[in-house]
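2 protein chains.
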Amino acid sequence: MSAAPFDYANLLAPGLPPAAVKYGGFPKYNFVGGHNDSASIPVDGLRAAADAVLAREGRTLATYGLESGPQGYLPLRSFLVRKLKTDAGIDCTTDDILITSGSLQGMDLVNQLLIAPGDTAIIEQANYGGAITRLKRAKANIVGVPVDHDGMSVSALSNALDELAAKGVKPKYIYTIPTVQNPTATVMSEGRRREILALSAKHGVPIFEDECYADLTWTGERPAALRGLAGAGNNQVIHIGSFSKSIAPALRLGYLVASWPLMGNILGLKTDAGSGALEQMILAEYASKHFDTHVKDLRKRLKRKADVLIEALSAEFGTAAEFEKPDGGIFLWVKLPDEVDTLRLFQAAAKAGVALNPGVEWATDQGYSKSRLRLCFANPEEAQIREGVAVLADVCHKEFGVPVRGRNVGRS
Amino acid sequence: MSAAPFDYANLLAPGLPPAAVKYGGFPKYNFVGGHNDSASIPVDGLRAAADAVLAREGRTLATYGLESGPQGYLPLRSFLVRKLKTDAGIDCTTDDILITSGSLQGMDLVNQLLIAPGDTAIIEQANYGGAITRLKRAKANIVGVPVDHDGMSVSALSNALDELAAKGVKPKYIYTIPTVQNPTATVMSEGRRREILALSAKHGVPIFEDECYADLTWTGERPAALRGLAGAGNNQVIHIGSFSKSIAPALRLGYLVASWPLMGNILGLKTDAGSGALEQMILAEYASKHFDTHVKDLRKRLKRKADVLIEALSAEFGTAAEFEKPDGGIFLWVKLPDEVDTLRLFQAAAKAGVALNPGVEWATDQGYSKSRLRLCFANPEEAQIREGVAVLADVCHKEFGVPVRGRNVGRS
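If you're matching them up, the sequences are chains G and S in order. Heads up, the first sequence is in the working numbering, so the first residue is 16 and it goes up one at a time. Heads up, the second sequence is in the working numbering, so the first residue is 16 and it goes up one at a time.
Right, dumping it as structure tokens:
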């Protein structure tokens, strides 16, 4: 009708997030994103599950909520009740579980529930970039607490809470990824969990616990979740989890654990008329039979790729790349020499086909994070990991003069 | 850890929506919600599609976005490009399509894109309750425009735009459900569509077109979508649609049509890391082969149920129930005598196991809507429709003295 582009200049709401750019495919060496190992996808199990559950219950697709109501497909919630009891020490019922479209939706719901502009949230200093981005969009003040091998520092958390209280500020939550922390890949000890719970109770500040990687410890063991340690039905801890890392990220399925009446507030915020039914049905059918054996195999595959990445870093970077061996998961948090600015490295590496997460996007503190980076290893094949790290070392040497040596020879 | 409930009194964000109540199952006579006809769910077709697509591409579940990027599974977008051209006269490419988690997510995204508190939105006077609720939550001023058999009144829209312009107010959009309008079930004529496009262009106010019922006209014919009439790539009209009504509501799959760069702004607001992959894959596989034949059969089934509802209303309410015969869809918009307050009827009917939508929740104008109600007919079986209407007539008679006669006998 009109040839000129329709003018939205005076129509867009203020404060929109940055516009997305058009998708251009994955980079050649893709060390970013929570993608998983392709070979581990249980294709045949999912096919059998799809066929069985659709034959049995396919007609329920005619109703919103599959006759299970707005909290999600009941057999999936029943599976989670059993799993959370066994794996995470959480006593709950299906009424305490909300199926979400990925744990990201759980994160969005908790932020909507608690965070108004100007509110304060305490998070781990090195953190999931998406958690930081979301809090910034919600105009929250972010207070970062350092993480060591046993998890969030209790003394630093205690100091932060005291300092905020002295200023009359009550933070809205303490966000933690206790098991396979993102990006440090450490596991918070049970003792540390209990100490943090005590601080939370003392200050009346709830804990927002994100256990999306908790199935992926190399040993298969994990301490009880903070929600479990807090006791049945205790909303001191709001717990979220995911099937993205344990089954497949393209399945947008996660869950949130909270008790009523708080669950009613959270459910009131979920305006999507439910999460995808086929995903829920097929996953519940598959997981109730095969989850444990699948995850056991997946852990082995991921551990092997972690080892390949560590070998490649040692070979190409030598002592210039420092890191703790991960306790599980899909990423490694690497410290390069102080002269390396990983944001500049990120830009130069992108031109060479290597994608990485620069530290400043994955932490609250620029000084701490400037020379750090996150490398995800689950998706690339072993050969790609080796090649990608070699390319990265070359780029880093050209930009910053380090690593000086690689594969025991000097670089030109 | 603590026995007393954790205190959230000073933690919840201000202005939360009402808390949800626990789900208690569907009512016996369920005339609410966009549920569909159970027998029409293409269970065998979905089983075959699931098996084929998982066998072929199951391993891509290891990546977010299935190697299709954040706008959604490419074969589903390709199907939509063909479908929208054929059915809705929309010329677009896969870059212009965003797969959403139901058209509700499309609605949330457009509201986030355009509506700030205090902004004005023009909508049809009788309207989808969820559209009204969302605008109220966004603190928008809602201006209702009456709808007749040919759609939104052009003169009333023109007057509303002039009056707002005189006050210096530029509305953010004109929202319309042109094909099988909710709740009037009318279809906007092509002439009316062109007139509304001209008003939109004159005032620089975009149109937000919701075609979620457009596949369900009884004849299978529909006028070109407003987006189609506006011309290829013209963001004067942002278009949303859904598979909830044509395939199954539990599948949370819809789509949004808008061109870049506006698509980039919308995509920047979609923080869910994609919609469910299994749903997208299975739907694309099924729909690319069977969509047209499926919908042709579905229309017949729905038309039969509409006829059953109309017969039952005529039998039980006689002339006390006034309505236009619907042009398609899953609901009927009914006017009862002026003395009937349908909000009171809704409450009394609920006690008798009959669920209905009271007019005040489905319209912007209380005087117009007080004695109106919406009855959805797709999900209940034919016998339930007949019984439910008989129960409703009894309740209405007891509460309001009308209908005086039913089935040609006086009521006691």
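Positions of the beta carbon are idealized from the N, C-alpha and C atoms, including for glycine.
Close-in-space but distant-in-sequence residues of the same chain around residue i (CB under 7 Å, 5 per side omitted)
i	result
residue 164 of chain S	201, 339
residue 257 of chain G	117, 118, 227, 269
residue 82 of chain S	75
residue 129 of chain G	187, 188
residue 64 of chain S	297, 300, 301
Sequence-distant residues of the same chain with beta carbon closer than 6 Å to residue i, five excluded per side
i	result
residue 132 of chain G	154
residue 308 of chain S	none
residue 17 of chain G	Note that residue 17 of chain G scores a pLDDT of 45, beneath 50, so its modelled location is shaky and nothing firm can be said.
residue 407 of chain G	364, 369
residue 86 of chain G	113
residue 384 of chain G	374, 375, 378
residue 60 of chain G	301, 305
residue 243 of chain G	103, 104, 105
residue 288 of chain S	79
residue 218 of chain S	176
Cut-off 8 Å between Cβ atoms - residues of its own chain near residue i, not counting five sequence neighbours on either side
i	result
residue 216 of chain S	251
residue 76 of chain S	292, 293
residue 169 of chain S	207, 210, 211, 214
residue 263 of chain S	51, 56
residue 350 of chain S	336, 337, 338, 386, 387
Amino acids of chain S, ordered along the chain, whose beta-carbon sits closer than 8 Å to that of residue i
i	result
residue 120 of chain G	287
residue 166 of chain G	Those within 8 Å of residue 166 of chain G in chain S number zero; the least Cβ separation is about 17 Å.
residue 275 of chain G	37
residue 264 of chain G	76, 77, 78, 79, 288
Coarse secondary structure for residue i, derived from DSSP in three states
i	result
residue 190 of chain S	strand
residue 72 of chain G	helix
residue 314 of chain G	helix
residue 16 of chain G	Its pLDDT being 43, under 50, residue 16 of chain G is placed unreliably by the model, and nothing is read from it.
residue 47 of chain S	coil
residue 372 of chain G	strand
residue 383 of chain S	helix
residue 270 of chain S	strand
residue 351 of chain G	coil
residue 209 of chain S	helix
residue 239 of chain S	coil
residue 200 of chain G	coil
residue 226 of chain G	coil
residue 173 of chain G	helix
residue 357 of chain G	helix
residue 26 of chain S	coil
residue 471 of chain S	Residue 471 of chain S lies beyond the stretch modelled for chain S, which goes from 16 to 427, so this question has no answer here.
Cross-chain neighbours of residue i in chain S, by beta carbon under 7 Å
i	result
residue 219 of chain G	22
residue 428 of chain G	The question about residue 428 of chain G has no answer, for chain G in this structure spans 16 to 427.
residue 475 of chain G	In this structure chain G extends from 16 to 427, so residue 475 of chain G is not present and cannot be described.
residue 214 of chain G	By Cβ distance, chain S contributes nothing, its closest Cβ being about 11 Å from residue 214 of chain G, past 7 Å.
Partners in chain G for residue i, counting only beta-carbon separations shorter than 9 Å
i	result
residue 62 of chain S	65, 66, 69, 70, 73
Cross-chain neighbours of residue i in chain G, by beta carbon under 8 Å
i	result
residue 110 of chain S	37
residue 50 of chain S	77, 78, 79
residue 117 of chain S	287, 288
residue 282 of chain S	34, 35
Burial state of residue i (16 or more Cβ within 10 Å)
i	result
residue 71 of chain G	exposed
residue 419 of chain G	exposed
residue 260 of chain S	buried
residue 159 of chain S	buried
residue 273 of chain S	buried
residue 280 of chain S	buried
residue 36 of chain S	exposed
residue 319 of chain S	exposed
residue 372 of chain G	buried
Contacts of residue i in chain S (Cβ-Cβ under 9 Å)
i	result
residue 184 of chain G	Under the 9 Å cutoff, chain S gives no residues; its nearest Cβ is about 12 Å from residue 184 of chain G.
residue 123 of chain G	286, 287
residue 53 of chain G	74, 75, 76, 77, 78
Where residue i meets chain G, residues with beta-carbon distance less than 7 Å
i	result
residue 187 of chain S	26
residue 129 of chain S	26, 27, 28
residue 84 of chain S	38
residue 297 of chain S	293
Residue i CB to nearest heavy atom of the ligand GDP below 7 Å
i	result
residue 182 of chain G	As presented, the structure is devoid of all ligands, the ligand GDP included, so that no description of it is given.
**Asked** Where are the beta strand (DSSP E) runs, 3 residues long or more, that stay fully inside the segment 77–165 of chain G, in chain order?
**Response** 112–115, 135–139, 156–160
**Message:** Quick check on the DSSP output: what are the complete alpha helix (DSSP H) runs of length 4 or more inside the segment 285–338 of chain G, in order along the chain?
**Reply:** 292–332
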